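Novice: Residue 162 in the numbering used here is what sits at position 150 of the first sequence, and the numbering runs on without skipping anything.
We put the beta carbon where it would ideally sit given N, CA and C, even for glycine.
Nothing here was measured: the structure is a model prediction, and the numbers come from that model.
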Amino acid sequence: MTDILPASRADLPGDTTALARFLIGMTLVRDLPEGRVSGRIVETEAYGVSDPAGHAFRGMTPRTRALFLEPGHAYVYLAYGVSWMLNVSSEAAGVGAGVLIRALEPLEGVAIMRANRGVERLTDLARGPGRLAQALRIDRGLDGIDLCRDGLLWLAKSAGDPSEIGQSVRIGITKAAERPLRFYERGSRFVSGPRALNT
DNA sequence: AGTGCGATTGACT
DNA sequence: GTCAATCGCACTA
Numbered sequence: 013m014t015d016i017l018p019a020s021r022a023d024l025p026g027d028t029t030a031l032a033r034f035l036i037g038m039t040l041v042r043d044l045p046e047g048r049v050s051g052r053i054v055e056t057e058a059y060g061v062s063d064p065a066g067h068a069f070r071g072m073t074p075r076t077r078a079l080f081l082e083p084g085h086a087y088v089y090l091a092y093g094v095s096w097m098l099n100v101s102s103e104a105a106g107v108g109a110g111v112l113i114r115a116l117e118p119l120e121g122v123a124i125m126r127a128n129r130g131v132e133r134l135t136d137l138a139r140g141p142g143r144l145a146q147a148l149r150i151d152r153g154l155d156g157i158d159l160c161r162d163g164l165l166w167l168a169k170s171a172g173d174p175s176e177i178g179q180s181v182r183i184g185i186t187k188a189a190e191r192p193l194r195f196y197e198r199g200s201r202f203v204s205g206p207r208a209l210n211t
């Protein structure tokens with residue numbers, strides 16, 4: 013039973029940076045046995061072609077296979093042995109690139125998110141890539157799935173008017189750290205990172 | 001087969 | 001503000 017529909021792949025920009033910007037304001041939906049969890053995407057980072065910070069920079073490996081799928085597939089990996097990260101594949105099939113989803117504004121299923129996270133504060137549920145994955149119970153099992161189909165995890169069209177989008181350097185990387193490839197909903201309380209990067 | 005290192009988070013001074 | 005946890009992976013040999 014859905015009152016919202018999956019995004020169509022044809023609508024997704026193929027260009028990684030354009031996709032990172034495009035995803036701001038879209039809805040990410042996770043259907044769990046207990047019910048639906050969803051959130052508005054408020055922060056992304058682009059990891060495009062020829063980007064030394066990108067996991068596909070040195071070619072395809074077993075882990076990064078999903079980055080080479082056509083746009084709109086999930087690339088999920090474990091960071092620091094602790095936190096799961098969700099990316100949306102970008103660029104044409106065979107080209108390795110993607111967009112990291114860094115933060116959500118909770119919409120549906122807040123009680124489920126609280127249970128998954130073990131915290132109460134609304135702004136702590138999905139602010140940060142590892143936290144949002146925990147809130148939505150995202151792990152390796154979702155690696156490679158098509159986010160443009162109504163399934164376990166999928167993308168839906170914009171959840172509200174596009175607001176002003178800010179741009180900054182990416183968070184937590186050392187390679188190519190100067191590139192301004194992070195996008196966020198300006199002023200949102202649900203965006204991660206230092207205050208200086210949310211202006 | 002061994003090793004160094006993160007696209008982070010939460011606890012702590 | 002600082003810092004350790006934790007482990008899969010990519011790289012070297």
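From Thr186 to Leu112, what distance separates their C-alpha atoms?
Specialist: Position 174 of the first sequence, counted from the first residue, corresponds to residue 186. Position 100 of the first sequence, counted from the first residue, corresponds to residue 112. Looking at the two C-alpha atoms, the distance is approximately 16 Å.
Novice: Measure how close the beta-carbons of Pro83 and Gly163 come, nearest whole angstrom, since I'm counting them as under 8 Å.
Specialist: In the first sequence, counting from the first residue as 1, residue 83 sits at position 71. In the first sequence, counting from the first residue as 1, residue 163 sits at position 151. That pair is no contact at about 16 Å.
Novice: In this structure, how does DSSP classify Phe34 when only helix, strand and coil are distinguished?
Specialist: What you label residue 34 is simply residue 22 of the first sequence in a count that begins at 1. Helix at Phe34.
Novice: Assuming Ser95 and Thr28 form a contact by the criterion Cβ under 8 Å, report the distance between their Cβ atoms to the nearest whole angstrom.
Specialist: Translated into the one-based positions of the first sequence, residue 95 becomes position 83. Translated into the one-based positions of the first sequence, residue 28 becomes position 16. 22 Å between Cβ atoms; not a contact.
Novice: Can you tell which of Arg48, Gly71, Ala168 and Arg152 has the C-alpha that lies nearest to the C-alpha of Leu98?
Specialist: Looking up residue 98 in the first sequence gives position 86. When each option's Cα is compared against that of Leu98, the closest is Arg152.
Novice: Using only alpha-carbon positions, find the residue among Ala109, Pro141, Gly142 and Gln146 that is nearest to Ala127.
Specialist: Locating residue 127 in the first sequence gives position 115, counting from the first residue. Checked all of Ala109, Pro141, Gly142 and Gln146; the closest Cα to Ala127 is Gln146.
Novice: Which residues in the same chain as Cys160 place their Cβ atom closer than 6 Å to its Cβ, once the five residues preceding and following it in sequence are excluded?
Specialist: For the purposes of this step, residue 160 is taken as the residue at position 148 of the first sequence. Answer for Cys160: Pro18, Ala19, Arg21 and Gly84, listed in chain order.
Novice: Nearest to Asp15 by alpha carbon, out of Phe34, Val41 and Ala30?
Specialist: What you label residue 15 is simply residue 3 of the first sequence in a count that begins at 1. Among Phe34, Val41 and Ala30, the Cα nearest to that of Asp15 belongs to Val41.
Novice: The beta strand (DSSP E) spanning Ala91 covers which residue range?
Specialist: To locate residue 91, count along the first sequence from 1; it is residue 79. Per DSSP, the unbroken beta strand (DSSP E) holding Ala91 starts and ends at Ala86 to Ala91.
Novice: Inspect the CB distances between the stretch 59 to 71 and the stretch 34 to 50 and report whether three or more fall short of 8 Å.
Specialist: no
Novice: What is the DSSP secondary structure of Arg75, counted as helix, strand or coil?
Specialist: Reading the first sequence from its first residue, position 63 is the one you call residue 75. It is coil, neither helix nor strand.
Novice: Quick one: grab the DSSP three-state call for Pro6.
Specialist: The structure shown does not extend to residue 6, since the chain is modelled only from 13 to 211, so the question has no answer here.
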